[in-house]
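Heads up, the thing below is written out as structure tokens.
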Amino acid sequence: MTPQRSNHDITLIDRFESFHARGHFMTLKGTCVEILSAMGLYKTLKACEWPSTEFDWYTSEGRCLRRVSKTRIEETLRGFLTLRRAHLHEALHETLPPTIAFRTGTEIDTIKDEGGRVEVVYRNGQHEAFDLVVGAEGVHSAMRQRHFPEVSTRSLAGTYIVFVVDCRHDLGGSNRTTWGQGESVSLIPLSRDRLGAMIYQDDQHPKPPLTDDAQAWRSYLSDVYARFPVWVTGAISAMKPGDEIFADEILMVPATTLVKGRVALLGDAGYCPTFFSGMGAAAALLGAYALTRQLDKHDEVATALDAYERLMVPLARGYQKAAVSGRRRTLARGPMAQLRNLVTARIPETLGNFATRRHYQAEVRMADLA
1 MTPQRSNHDI TLIDRFESFH ARGHFMTLKG TCVEILSAMG LYKTLKACEW
51 PSTEFDWYTS EGRCLRRVSK TRIEETLRGF LTLRRAHLHE ALHETLPPTI
101 AFRTGTEIDT IKDEGGRVEV VYRNGQHEAF DLVVGAEGVH SAMRQRHFPE
151 VSTRSLAGTY IVFVVDCRHD LGGSNRTTWG QGESVSLIPL SRDRLGAMIY
201 QDDQHPKPPL TDDAQAWRSY LSDVYARFPV WVTGAISAMK PGDEIFADEI
251 LMVPATTLVK GRVALLGDAG YCPTFFSGMG AAAALLGAYA LTRQLDKHDE
301 VATALDAYER LMVPLARGYQ KAAVSGRRRT LARGPMAQLR NLVTARIPET
351 LGNFATRRHY QAEVRMADLA
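Take a look at the structure:
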């Protein structure tokens with residue numbers, strides 16, 4: 001997504017030597033689907049979806065609480081794409097204009113914002129000057145830590161774990177979430193013989209291993225989730241050396257300051273809403289759209305950045321408020337877990353649809369960000 005004006009020269013800086021389509025599971029909803037359609041990417045990404053036809057929720061004792069078709073979710077949210085991040089990254093990369101310059105295998109070490117221009121010094125010692133610098137390196141953003149030291153992260157006292165295994169299963173097209181006490185395991189059928197798994201667990205669980213070794217994680221998860229249904233234990237036991245796995249502390253970046261001079265933060269770097277919002281990648285996409293539209297709209301960079309910040313801070317705060325609520329629900333324990341299960345099983349469909357739209361701020365439109 002790039003500004004429309006022909007006089008914008010854009011440089012992308014990446015510490016990796018070359019582009020790699022990486023990333024795990026995500027869902028894009030509503031306005032994000034609208035933006036991707038406007039970019040001509042919807043059909044490409046639709047063809048990359050994982051093959052879920054319904055979503056269901058179970059207790060750790062194996063009792064089904066609710067089942068919702070993917071079609072109904074699409075109708076409720078005005079669009080719903082189920083993807084791996086790698087597919088979105090690749091599609092966006094393929095649409096980049098040839099005029100965009102790449103600086104790979106390096107990263108920004110220091111920034112000097114002297115009003116009219118921003119001078120950056122790369123790790124290799126080279127210098128370059130820009131009218132605007134945007135940091136979009138994720139929740140652990142080095143740019144935020146150096147240039148926005150007043151913006152800190154907030155822990156939501158939990159761990160996020162994702163892995164992919166070769167495993168025959170009986171889920172069919174069901175994306176299955178199983179809730180326990182302070183824990184949630186979602187299984188994603190990628191094919192008849194391959195599963196993705198997303199796990200959220202609170203900090204009352206045993207400390208997870210600090211490694212990407214699948215065998216260490218299999219041992220750990222086998223102990224922690226031994227009492228879960230066979231579809232969960234079977235996926236864990238299928239883990240083998242070399243399987244892809246990712247884990248991280250669940251961190252939020254409270255949306256406060258996104259702009260300082262001619263330096264801006266975008267996506268998780270500036271306003272990470274956490275996995276509990278269900279809008280992490282979506283919030284980044286919406287922010288990118290808002291920023292490019294403001295740069296097209298205003299002649300002065302400072303005016304465009306001010307408009308971008310005024311648009312995105314309240315929107316991001318809404319996602320973060322929803323994430324805190326989502327954390328309480330997803331990682332509930334004791335009576336709160338029982339109440340969550342009861343409400344999930346019995347809430348009327350119309351009320352459930354309303355709550356879903358409210359959680360994801362489905363009323364936001366492209367025009368609101370332009």
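Just so you know, we're using our numbering here: the sequence shown kicks off at 1 and counts up by one. Where a beta carbon is used, it is the ideal one built from N, C-alpha and C, also for glycine.
Candidates the options, of which the one nearest residue i by Cα
i, options, result
"K43", "F80, V68, F228, A216", "F80"
"Q294", "A323, P209, S191, L311", "L311"
"E94", "T178, R218, M39, L342", "M39"
"P206", "S219, C167, A214, P189", "S219"
"A332", "Q201, G62, L265, K46", "Q201"
"R358", "H8, G30, T11, D14", "G30"
"G196", "A323, L171, Q320", "L171"
"V224", "N341, I199, E309", "I199"
"D212", "D268, G280, E244, V230", "E244"
"Y58", "G105, G173, W179, A47", "W179"
"E17", "V68, E54, L96, G105", "G105"
"T11", "I108, R144, V139, A345", "I108"
"S222", "S237, A337, A362", "S237"
"A316", "P97, A288, E34", "A288"
"L285", "N341, A47, H8, M26", "M26"
For residue i, three-class secondary structure by DSSP
i, result
"K260", "strand"
"T178", "strand"
"P208", "coil"
"S52", "coil"
"Q338", "helix"
"Y319", "helix"
"F276", "helix"
"F163", "strand"
"M26", "strand"
"T82", "strand"
"E137", "coil"
"A60", "According to the sequence as given, residue 60 is Ser; it is not Ala. Looking at S60 - three-state DSSP - the assignment turns out to be coil, as it is neither helix nor strand."
"V253", "coil"
Limits of the unbroken beta strand (DSSP E) element including residue i
i, result
"N124", "It is not in any beta strand (DSSP E) - N124 carries neither H nor E in the DSSP assignment."
"D113", "108-113"
"P189", "183-191"
"M198", "194-202"
"T104", "101-104"
"I13", "11-14"
Same chain, Cβ closer than 8 angstroms to residue i, neighbours up to 5 away in sequence not counted
i, result
"K297", "A304, A307, A370"
"V118", "I111, K112, A129, F130, D131, L132, V133, G261, R262, V263"
"F228", "S60, T178, G180, V185"
"A226", "T233"
Per-residue burial, residue i [other beta carbons within 10 Å of its own, 16 or more giving buried]
i, result
"S52", "buried"
"N124", "exposed"
"F102", "exposed"
"P189", "buried"
"C32", "buried"
"E114", "exposed"
"F163", "buried"
"H169", "buried"
"M239", "buried"
"S69", "exposed"
"H24", "buried"
"L339", "exposed"
"V151", "buried"
"I13", "buried"
"I73", "buried"
"G318", "buried"
"M336", "exposed"
"E300", "exposed"
"G267", "buried"
"V230", "exposed"
"A290", "buried"
Same chain, Cβ closer than 7 angstroms to residue i, neighbours up to 5 away in sequence not counted
i, result
"E249", "S155, T159"
"F148", "T257, K260, L265"
"L45", "L36, L81, L83, H87, L88, A91"
"Q215", "P241"
"A235", "V165, C167, L187, L195, A197"
"G173", "P51, S52, T53, E54, P189"
Nonlocal neighbours in the same chain, by C-beta distance under 6 angstroms from residue i, ignoring five residues either side
i, result
"R176", "D56, L187"
"F275", "Y160"
"W50", "T82, I188, L190"
"A323", "P273, T274, F276, S277"
"G326", "F276"
"G270", "L258"
"T356", "T76"
"A362", "G30, L77"
Span of the alpha helix (DSSP H), counted from its first residue to its last, around residue i
i, result
"R146", "142-147"
"G352", "349-359"
"A238", "A238 -> no alpha helix (DSSP H), and no H or E assigned at all."
"Y366", "Contrary to the premise, residue 366 reads as Met rather than Tyr in this sequence. Start and end: 366-369."
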